[in-house]
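These protein sequence lines are chains B and F, in that order. So for the first sequence, this note's numbering puts the first residue at 13; every next one is plus one. So for the second sequence, this note's numbering puts the first residue at 242; every next one is plus one. Here the structure is laid out as C-alpha cells; the discussion comes afterwards.
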Amino acid sequence: VMDAWTQTPTKWYPLPIAVGALLLVALQYRRKSRRSKEVQLDENGMEIIKLKGPWQVHVLGALPLRNMSRVWGYVNSLELPVWFRPIGFRLYSFAFGCDLDEIEHSDDLTQYVSLGDFFYRKLKDGARPVDPAVLVSPADGRILHLGAITDHKVEQVKGITYSLDALLGIDKDHPPVYVPAMRDPDLSIVDDQEFADINGIEYTLDQLIGTSSPSTSEEVRDPHAPPKKFGKQVDASVVDSDRDLKDALAHDASVALEMGVKTALDRRRSMGGKPVKPGNQLFFTVIYLAPGDYHRFHSPTAWVVEKRRHFVGELFSVSPYMAKRLENLFVLNERVALLGRWKYGFFSMVPVGATNVGSIKVNFDQALRTNLRGKPPPPGTYAEAVYSAASPILNGQPLIPAQEMGGFCLG
Amino acid sequence: STIVLVFEAPESFEFSVHPGQKVKVGQRLGDV
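What follows is the structure, encoded as C-alpha cells:
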C-alpha cells in the first residue's frame with residue numbers, strides 16, 4: 013500500500029464539458045431543494061415554524077418537556093419540613109449564587125414553605141434602585157442579545173434569526189383589532205377575531221365598533237379564512253369595583269403625563285402592519301434569567317399594556333447553550349406577548365417560559381393560565397385578551413417604570 | 242426563562258448595556 017501510495021504516478025485528465033455541466037446542474041438542484049425544505053410557508057404565506065437544529069435538539073424535542081415541567085413544578089410545590097428549610101435554601105443559594113440579604117424574610121427562611129415558594133421570592137423594598145433612563149431592566153439576568161430589528165427579523169444569537177411576526181403574532185393582512193371596554197358579556201366575547209355573535213346574529217367587528225381595519229371586506233367576511241387564534245378574545249382586565257374613580261383617574265393621568273398626554277390618548281394601532289414613525293426604528297433586547305436569579309419581572313418603562321397574546325408551545329430550555337443551537341427557540345416556546353405603547357410608539361414585552369419555569373404569571377391578568385395539560389395547538393396560534401377596561405383614559409393597563417408585573421414559577 | 246423586549250424608539254436610542262452583561266431590575270438598559 014505504501015509503495016502504491018508513493019510510487020503510483022498521478023495522471024490528470026480533463027473532464028468532458030458535459031460532465032462538468034451536469035455536475036453543476038445537480039449541485040444547483042440540490043441547493044434549491046434544500047432551500048425549499050428549510051423555509052416552508054403555509055397557505056397565508058407565513059413561515060411554518062418547525063424544530064431545526066443539530067441532533068441534540070431533536071433528542072430534546074422528542075422528550076415530553078411539558079409533562080416534565082409540570083411534574084417538576086409539583087415536586088417543588090411540596091411542603092418541606094421546617095427544620096430543613098433554612099439548610100436547603102442556603103444550600104440552593106450557595107449553589108446558584110443568590111443573595112439572601114436582599115430578599116424578604118431573609119432573617120427567617122422557614123417562612124418559605126417549598127422550593128417553589130422560595131424561587132418566587134420577593135425582594136426587600138429599595139433593594140433595586142430605579143434609574144431615571146427611559147428604559148430599565150425588567151428583570152435580574154444576563155443580556156443575551158440586543159440591537160435594531162431589520163426586515164422584521166429578530167436575531168436570537170449571531171447569525172440565527174426569527175420572525176418578529178411569529179414572536180408577537182402580528183398578522184400583516186389582519187391587523188390587531190381593538191375592542192373597547194365592554195361590560196355586556198355578549199359584547200365582551202369575540203370569536204375568531206373577526207366575528208361577534210349577538211343574539212344569534214353575527215357581526216363583523218367593523219360593523220360592531222366601527223374599527224377602521226385596513227383589511228379588505230372580503231377578507232374580513234370570509235368565514236373560511238384560517239383562524240390565527242384559538243379560544244376567545246376576552247376582556248381580562250381586573251377592575252376593582254370599589255376603587256375610587258378619582259384615584260384611578262389621577263393615577264392614569266400621572267402615567268399619561270409621563271408618557272406624553274397626546275401619545276397616551278392616541279388610539280392608533282401600534283404596529284399591526286404599519287411601519288414605525290418616521291425617524292424611529294424597532295429595537296430588541298433579550299434577557300436570560302438563570303435558575304438562581306430573582307424571578308419576578310417588572311415594567312421596563314412607563315407604558316400601557318393594551319393586550320396580551322398567549323402562545324401555547326413547547327418548553328425547551330432557553331439557556332444560552334440552546335439559544336445557540338435551536339433555531340426559532342423563542343417562537344417555539346410557550347410565551348405571553350404583552351403588547352402596548354409608550355411615548356415613542358409601539359412597545360412589547362414577551363416573557364418566554366422554559367422547562368423548569370413553565371408557568372408565567374401576570375399580576376393584572378387573573379385569567380391567564382400557562383403550562384396546562386393537553387396537546388399544544390400548532391405554533392403561531394394564540395389566545396388574546398384585551399385590557400381596555402383597566403383604564404378608561406389610556407385604553408389599557410398603565411404601568412410605571414419598575415412596577416412589578418408578574419413572574420416565572422417553577423413548573 | 243427569558244424576557245424579550247421589542248419596541249419602537251427614535252433612531253438616536255442607544256443601549257447602555259452589552260451582550261453577556263449581568264443586569265438587575267431597574268438598571269439602565271438604554272436611553273434616547
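Heads up, the beta-carbon is just placed ideally off N, CA and C, and yes, glycines get one too.
| Asked | Found |
| --- | --- |
| For B/G423 and B/S149, which I take to be in contact (beta-carbon distance under 8 Å), what is that distance rounded to the nearest angstrom? | The pair is not a contact, with the Cβ atoms about 25 Å apart (cut-off 8 Å). |
| Report the option in B/Y399, B/V348, B/A397, B/S403 whose CA atom is closest to the CA atom of B/L179. | B/V348 |
| Any idea what DSSP makes of B/L34, helix, strand or coil? | helix |
| Does the beta-carbon of B/R195 have 16 or more other beta-carbons within 10 angstroms, so that it is buried, or is it exposed? | Summary for B/R195: the model assigns pLDDT 31, below 50, so the residue's position carries little reliability; its value from the coordinates is reported in the next sentence. Classification of B/R195: exposed, given that the 10 Å Cβ count is below 16. |
| Report the residue from B/Y356, B/G352, B/E346, B/L112 whose alpha carbon sits nearest the alpha carbon of B/P363. | B/E346 |
| For B/P26, which residues in the same chain have their Cβ closer than 7 Å to its Cβ, ignoring the five residues on either side in sequence? | none |
| Would you verify that the beta carbon of B/Q415 is, or is not, closer than 7 Å to some beta carbon of chain F? | no |
| So for B/I115, helix, strand or coil by DSSP? | strand |
| In three-state DSSP terms, what is B/K64? | strand |
| On a Cα-Cα basis, can you pick out the residue from B/Q409, B/Q293, B/W67 that is closest to B/K319? | B/Q409 |
| Just to confirm the assignment: which complete alpha helix (DSSP H) runs, minimum length 4, are found wholly within the segment 337-368 of chain B? | 341-344 |
| Is it a yes or a no for the segment 65-72 of chain B touching the segment 97-111 of chain B, going by three-plus beta-carbon pairs under 8 Å? | no |
| Checking 7 Å against the spacing of the C-beta atoms, do B/L135 and B/E114 come in under that value? | yes |
| If the cut is a Cβ gap below 9 Å, which residues of chain F does B/W354 touch? | F248, E249, A250 |
| Hey, is B/L301's beta-carbon within less than 7 Å of any beta-carbon in chain F? | yes |
| Name the chain F residues whose beta carbon is nearer than 9 Å to that of B/H307? | S242 |
| Could you spell out the range, first to last residue, of the beta strand (DSSP E) harbouring B/F420? | 416-421 |
| Identify the contact partners of B/S149 in chain A, using a Cβ-Cβ distance below 7 Å as the criterion. | In the structure shown, chain A cannot be found, because the protein chains are B and F. |
| What number of angstroms, rounded off, separates the C-alpha of B/S331 from the C-alpha of B/W24? | 52 Å |
| Starting from F/D272, trace the alpha helix (DSSP H) in both directions and tell me its first and last residue. | Not the alpha helix (DSSP H): F/D272 falls in the beta strand (DSSP E), residues 269-272. |
| Determine, for B/L294, whether the minimum Cβ-Cβ distance to residues of chain F falls below 7 Å. | yes |
| Quick check on the burial criterion: 16 or more other C-beta atoms within 10 angstroms. Buried or exposed for B/G365? | buried |
| Looking at C-beta atoms only, is the number of pairs between the segment 326-341 of chain B and the segment 309-316 of chain B that lie closer than 8 Å three or more? | no |
| Answer yes or no: does any C-beta atom of chain F fall closer than 7 Å to that of B/R320? | no |
| Below 8 Å, how does it come out for the segment 124-144 of chain B and the segment 155-165 of chain B: are there three or more Cβ pairs, yes or no? | no |
| Locate the beta strand (DSSP E) running through B/N292, then write down its first and last residues. | 292-300 |
| Which class does B/A314 belong to by DSSP, given the choice of helix, strand or coil? | coil |
| Would you decide whether B/M361 is buried or exposed? Buried here means 16 or more other CB atoms lie within 10 Å of its CB. | buried |
| Can you tell me which of F/F248, F/V264, F/Q262 puts its alpha carbon nearest to the alpha carbon of B/F358? | F/F248 |
| Is the Cβ-Cβ distance between B/R321 and B/Y394 less than 7 Å? | yes |
| Below 8 Å on the Cβ atoms is my guess for F/V267 versus B/P141; work out the distance and round it to an integer in Å. | With the sequence shown as reference, residue 267 of chain F is identified as Gly, and Val is not the correct amino acid for it. At roughly 6 Å, the Cβ-Cβ gap stays under 8 Å, so F/G267 and B/P141 are in contact. |
| Buried or exposed: B/Y356, going by 16 or more other Cβ atoms within 10 Å of its Cβ? | buried |
| Taking the Cβ atom as the reference point for each residue, do B/A139 and F/I244 lie within a distance shorter than 7 Å? | no |
| Given that B/I155 touches chain F, what residues does it touch there, using C-beta distances under 9 Å? | F256, V258, H259, P260, G261, Q262, K263, V264, L270 |
| Taking DSSP's pairing of strands, which residues face B/K1 in a bridge? | Since the first residue shown for chain B is 13 and the last is 423, residue 1 of chain B is missing from the structure and cannot be characterised. |
| Taking DSSP as the reference, what is the three-state secondary structure of B/F207? | For B/F207, the predicted model reports a pLDDT of 35, less than 50, meaning its position is unreliable; a value from the coordinates is still stated below. Correct three-state label for B/F207: strand. |
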